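Below is one structure; the comments refer to it alone.
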Amino acid sequence: MDEKTGNGDRHTVAAFDVEMGGLRAAVIRMGGLAEFALANTLAALEKGDNVLAAKVVEEDKAIDAAEAEIDQLVLQTLVRRSPFADDLREVLMAHRVSGYLERVGDYAKGVARRLEQVHSPAERQAAKMLGELGARSYDMLVGALNAYAARDPQKAKQIYESDARIDEEYRRVFLVLLTQMANDAATIPVIGQLLLAAKSLERVGDQATNIAEMVYFTYTSEKLESRHTAG
Amino acid sequence: MSLLDSEAVETYERSITAPPADNLVLEARNLDFFYGKKQTLFGVDLPVEKNKITALIGPSGCGKSTLLRTLNRIYELYPGQQATGRIILDGQDVLADKAGIARLRARDGDAVEVTPNKMDLATLRARVGMVFQKPTPFPMSIYDNIAFGVRLYKRIRGAEMDEIVERALRRAALWDEVKDKLKESGLGLSGGQQQRLCVARGLAIDPEVLLLDEPASALDPISTAKLEDTLNELVGNVTIVIVTHNLHQAARLAQHTGFMFLGRMIEFGPTEEFFSAPKLKRTRDYVTGRFG
Numbered sequence: 001m002d003e004k005t006g007n008g009d010r011h012t013v014a015a016f017d018v019e020m021g022g023l024r025a026a027v028i029r030m031g032g033l034a035e036f037a038l039a040n041t042l043a044a045l046e047k048g049d050n051v052l053a054a055k056v057v058e059e060d061k062a063i064d065a066a067e068a069e070i071d072q073l074v075l076q077t078l079v080r081r082s083p084f085a086d087d088l089r090e091v092l093m094a095h096r097v098s099g100y101l102e103r104v105g106d107y108a109k110g111v112a113r114r115l116e117q118v119h120s121p122a123e124r125q126a127a128k129m130l131g132e133l134g135a136r137s138y139d140m141l142v143g144a145l146n147a148y149a150a151r152d153p154q155k156a157k158q159i160y161e162s163d164a165r166i167d168e169e170y171r172r173v174f175l176v177l178l179t180q181m182a183n184d185a186a187t188i189p190v191i192g193q194l195l196l197a198a199k200s201l202e203r204v205g206d207q208a209t210n211i212a213e214m215v216y217f218t219y220t221s222e223k224l225e226s227r228h229t230a231g
Numbered sequence: 232m233s234l235l236d237s238e239a240v241e242t243y244e245r246s247i248t249a250p251p252a253d254n255l256v257l258e259a260r261n262l263d264f265f266y267g268k269k270q271t272l273f274g275v276d277l278p279v280e281k282n283k284i285t286a287l288i289g290p291s292g293c294g295k296s297t298l299l300r301t302l303n304r305i306y307e308l309y310p311g312q313q314a315t316g317r318i319i320l321d322g323q324d325v326l327a328d329k330a331g332i333a334r335l336r337a338r339d340g341d342a343v344e345v346t347p348n349k350m351d352l353a354t355l356r357a358r359v360g361m362v363f364q365k366p367t368p369f370p371m372s373i374y375d376n377i378a379f380g381v382r383l384y385k386r387i388r389g390a391e392m393d394e395i396v397e398r399a400l401r402r403a404a405l406w407d408e409v410k411d412k413l414k415e416s417g418l419g420l421s422g423g424q425q426q427r428l429c430v431a432r433g434l435a436i437d438p439e440v441l442l443l444d445e446p447a448s449a450l451d452p453i454s455t456a457k458l459e460d461t462l463n464e465l466v467g468n469v470t471i472v473i474v475t476h477n478l479h480q481a482a483r484l485a486q487h488t489g490f491m492f493l494g495r496m497i498e499f500g501p502t503e504e505f506f507s508a509p510k511l512k513r514t515r516d517y518v519t520g521r522f523g
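And the structure:
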């Protein structure tokens with residue numbers, strides 16, 4: 001396996017290695033930004049900190065800029081190097097992963113926006129119900145990014161298989177919030193927002209799954225059986 | 232060659248994904264080649280699918296041109312050069328090499344059939360045409376460049392010959408450029424046109440297989456594109472085996488690709504998989520530019 005992943009061996013053209021290294025570093029940086037945005041959103045959720053939530057919304061621009069930078073690097077590499085085999089898969093992965101991370105940023109921003117409408121102690125209490133779902137999504141994102149950084153398909157496979165834990169928690173939260181709404185009409189506007197926020201957090205898990213799938217494919221050239229139809 | 236009879240069958244790490252046996256028109260199996268005592272091909276397998284393009288890649292000196300020269304026995308003119316093993320064209324044995332068949336049986340089992348009759352060289356050359364790296368038009372008119380070869384194989388009258396010449400030039404995508412100057416010398420054409428003239432010359436005798444040895448290496452990008460276009464048009468009608476140093480040309484043109492190294496066929500398979508996920512590290516190192 002390892003000898004096929006190309007860890008450590010060099011291209012005859014040294015500049016190619018420099019460019020691939022630059023591309024990987026850019027994706028890892030972007031992953032850091034997306035992870036940070038999600039962490040802040042979850043902290044805002046936990047503490048009822050609307051100032052922090054507003055900061056997440058503002059900082060999403062940096063994630064979009066990082067995606068644009070990666071697009072540019074991918075294009076340059078394709079034009080200059082016309083890569084084949086694992087190089088090709090790696091460049092395609094960088095392009096796909098940056099798209100997934102951009103969506104993670106959007107979901108974090110979307111959840112943060114919804115939190116800005118949470119005010120009363122009861123509403124905050126309801127919002128905290130998303131904490132466990134958020135934590136599981138966050139763990140999965142971090143795991144997928146670590147698998148990317150380590151170029152570790154087995155780690156990626158584990159992450160991919162842990163997605164069920166998120167789906168399960170999402171269904172639980174959904175049910176709890178729905179019954180809450182049904183019993184207390186006054187909570188409908190805010191819980192409606194929280195349900196959408198829960199969906200976004202579940203979607204973060206899907207993006208992490210997508211990233212894990214790409215990492216697995218890039219380093220094994222085999223596909224994990226896809227379980228998600230929507231991204 | 233008693234020298235060869237006793238020799239062990241060489242094994243090395245290789246991955247051959249052959250097209251279905253029923254689709255093969257030409258097949259080399261366990262092929263060895265010798266320049267005097269120096270062996271330059273070692274147990275090479277090459278399955279060629281009918282009416283498709285098969286590309287051979289590999290570093291200089293890896294044996295890909297030698298393999299091509301073996302397929303239509305161009306080497307036979309040269310004393311001391313010898314191929315042993317098996318080459319089968321449409322079920323007929325090109326080499327009929329008994330010792331080679333014995334070695335093949337040692338490797339692939341008793342199911343290997345023995346067909347003792349060696350194919351006649353003129354028949355072989357008519358069925359397996361070749362186009363070389365450097366365009367080699369004959370010093371005669373464009374028309375005669377094509378008619379010359381045809382006359383060697385068939386008795387053709389004037390009008391019918393005109394048709395054959397036009398058809399060959401059309402198939403090689405050269406007709407529109409030369410139809411008004413058929414009587415002019417083939418040497419007056421551009422390099423790219425000369426190469427397509429050679430393709431037309433090869434096609435005129437309706438070969439089953441056309442071998443091309445680096446046909447675009449002396450051409451500019453536009454001429455190369457035209458030649459590739461021509462070859463693409465021929466898929467479905469003619470079987471093509473092309474040797475190229477240009478990996479992207481192989482990726483663009485071929486349905487199957489083989490990677491050769493040090494006289495061995497290391498990996499052979501469908502082009503798409505070959506360039507996106509090669510099975511062996513040696514292949515991967517070569518196609519990603521991590522070689523030497």
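Chains as they are written, first to last, in the working numbering: chain R, 1 to 231; chain S, 232 to 523.
Beta carbons are placed, not taken as given, at the ideal position from N, Cα and C, and that holds for glycine.
Keep in mind the model is a prediction, meaning the values are calculated, not measured.
Cβ-based contacts, 7 Å cut-off: residues of the segment 483-517 of chain S near chain R: Taking 7 Å as the Cβ-Cβ cut-off against chain R, the residues of the segment 483-517 of chain S that qualify are Phe506, Ser507, Ala508, Pro509, Lys512, Arg515.
Check each candidate in R:Leu45, R:Ala185, R:Glu102, R:Ala150 and name the one with the smallest Cα separation from Glu35 (chain R). Glu35 (chain R) has its Cα closest to that of R:Glu102, out of R:Leu45, R:Ala185, R:Glu102, R:Ala150.
Using the Cβ count rule (16 or more neighbours within 10 Å means buried), how would you classify Pro310 (chain S)? It is exposed - the Cβ of Pro310 (chain S) has fewer than 16 other Cβ atoms within 10 Å.
Can Glu19 (chain R) and Gln76 (chain R) be called in contact, C-beta distance under 9 Å? Closer than 9 Å, so yes.
Please report the Cβ distance between Leu201 (chain R) and Leu130 (chain R), rounded to the nearest whole angstrom; I am assuming they are in contact, meaning their Cβ atoms lie under 8 Å. Confirmed, about 6 Å.
If the cut-off is 9 Å on Cβ atoms, which residues from the segment 75-87 of chain R count as contacting chain S, listed in chain order? Residues Arg81, Ser82, Pro83, Phe84, Ala85, Asp86, Asp87.
Taking all protein chains shown into account, do 16 or more other C-beta atoms lie within 10 angstroms of the C-beta of Phe492 (chain S), making it buried, or fewer, making it exposed? It is buried - the Cβ of Phe492 (chain S) has at least 16 other Cβ atoms within 10 Å.
CB-CB under 7 Å to Val430 (chain S), same chain, minus the five flanking residues each way: which ones, in chain order? Hits under 7 Å: Val362, Ala403, Thr461.
Could you name the residues of the same chain whose beta carbon sits closer than 7 Å to that of Ala112 (chain R), not counting the 5 residues immediately before and after it, in chain order? Same-chain partners within the cutoff: Thr41, Ala44, Ala53, Val56, Val57.
Does the contact criterion of 3 or more C-beta pairs under 8 Å hold for the segment 172-187 of chain R versus the segment 75-91 of chain R? Contact between the segment 172-187 of chain R and the segment 75-91 of chain R is absent, because fewer than three Cβ pairs lie under 8 Å.
Beta carbon of Leu478 (chain S): closer than 8 Å to some heavy atom of the ligand FMN? Only the bare structure without any ligand can be found here, which leaves the ligand FMN out of the picture.
Going along the chain, which residues of its own chain have a beta-carbon closer than 6 Å to the beta-carbon of Ser500 (chain S), five neighbours each way excluded? Reading the sequence as shown, one finds Gly at residue 500 (chain S) and not Ser. Counting only Cβ-Cβ distances below 6 Å, and skipping sequence neighbours, we find Thr248.
Just to confirm my understanding: we take Gln193 (chain R), look at its own chain, exclude 5 residues before and 5 after, and list those with CB closer than 6 Å. What are they? Excluding sequence positions up to five before and after Gln193 (chain R), its CB lies within less than 6 Å of the CB of Arg114, Gln117, all in the same chain and listed in chain order.
In this structure, how does DSSP classify Asp321 (chain S) when only helix, strand and coil are distinguished? Asp321 (chain S) sits in coil when the DSSP states are folded into three classes, being neither helix nor strand.
Proximal chain R residues relative to His476 (chain S), where beta-carbon distance stays under 8 Å: Those within 8 Å of His476 (chain S) in chain R number zero; the least Cβ separation is about 14 Å.
Quick check: what's the CA-CA separation for Ile232 (chain R) versus Tyr100 (chain R)? Beyond the ends of chain R as shown, which are 1 and 231, falls residue 232 (chain R); an answer cannot be given.
Are Glu67 (chain R) and Ser98 (chain R) touching if we call contact CB-CB under 9 Å? Their beta carbons are under 9 Å apart, which means Glu67 (chain R) touches Ser98 (chain R) by this criterion.
Got a sec: is the Cβ-Cβ distance from Val13 (chain R) to anything in chain S below 9 Å? Yes, its Cβ sits closer than 9 Å to a Cβ of chain S.
Might you give, ordered along the chain, the residues of its own chain that have their beta carbon closer than 8 Å to the beta carbon of Glu46 (chain R), omitting 5 neighbours on each side? Exclusion of the five residues before and after Glu46 (chain R) leaves Lys128, Gly131 as the residues of its chain whose Cβ lies within less than 8 Å of its Cβ.
Closest by CA to Leu441 (chain S), which one among S:Ala252, S:Lys283, S:Gln424? Selection S:Ala252, S:Lys283, S:Gln424 evaluated against Leu441 (chain S) yields S:Lys283 as nearest (Cα-Cα).
Taking Cβ positions only, does Gly292 (chain S) come closer than 9 Å to chain R? No, because no Cβ of chain R sits closer than 9 Å to the Cβ of Gly292 (chain S).
Collapsed DSSP secondary structure at Phe265 (chain S) in the structure displayed: Residue state for Phe265 (chain S) is assigned as strand, using DSSP reduced to three classes.
Quick one: is Arg165 (chain R) near chain S, going by C-beta distance under 9 Å? Not an interface residue.
Counting only Cβ pairs nearer than 9 Å, list the residues of chain S close to Arg10 (chain R). For Arg10 (chain R), the C-beta contacts it makes with chain S under 9 Å involve Arg521, in order along the chain.
CA-to-CA distance, Phe379 (chain S) to Asp328 (chain S), given in whole angstroms: In this model, Asp328 (chain S) and Phe379 (chain S) are separated by some 33 Å (Cα to Cα).
Of the listed residues S:Ile497, S:Gly467, S:Asp375, S:Val381, nearest to Asp437 (chain S) (C-alpha basis): Among S:Ile497, S:Gly467, S:Asp375, S:Val381, the Cα nearest to that of Asp437 (chain S) is on S:Val381.
DSSP-derived helix/strand/coil call for Arg495 (chain S): Arg495 (chain S) falls in the strand class under three-state DSSP.
Quick check on this structure: which residue in S:Arg260, S:Lys281, S:Arg521 has the alpha carbon closest to the alpha carbon of Ala333 (chain S)? Among S:Arg260, S:Lys281, S:Arg521, the Cα nearest to that of Ala333 (chain S) belongs to S:Arg260.
Of the listed residues S:Tyr243, S:Ala508, S:Gly316, nearest to Phe265 (chain S) (C-alpha basis): Ranking S:Tyr243, S:Ala508, S:Gly316 by Cα distance to Phe265 (chain S) puts S:Gly316 first.
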